[in-house]
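In the numbering used here, the protein residues as written are 607 to 685. Every residue, glycine too, gets a C-beta built ideally from N, C-alpha and C. For reference, the structure discussed in these notes is given below.
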């Protein structure tokens, strides 16, 4: 089907009541609904993973900077 025909078909399916849908249309409608729901539910998880990654990077940077400062202080004490 062409894009325009697909869009028109989706509109037809969305406008029908469940009793009016064919055996093929019902699972298609449910599949579309579930795909949308899964995409929606994945968003918070992705955000949590990104935040955790940023937090780990920040922590590594803080540790590296602290180690550099300690080395600099140590080198001045010897000199």
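- Looking at the backbone, the Cα of residue 648 and that of residue 641 are separated by about 11 Å.
- In the structure shown, residue 667 falls within a helical segment according to DSSP collapsed to helix, strand and coil.
- In the structure shown, residue 630 falls within a coil segment according to DSSP collapsed to helix, strand and coil.
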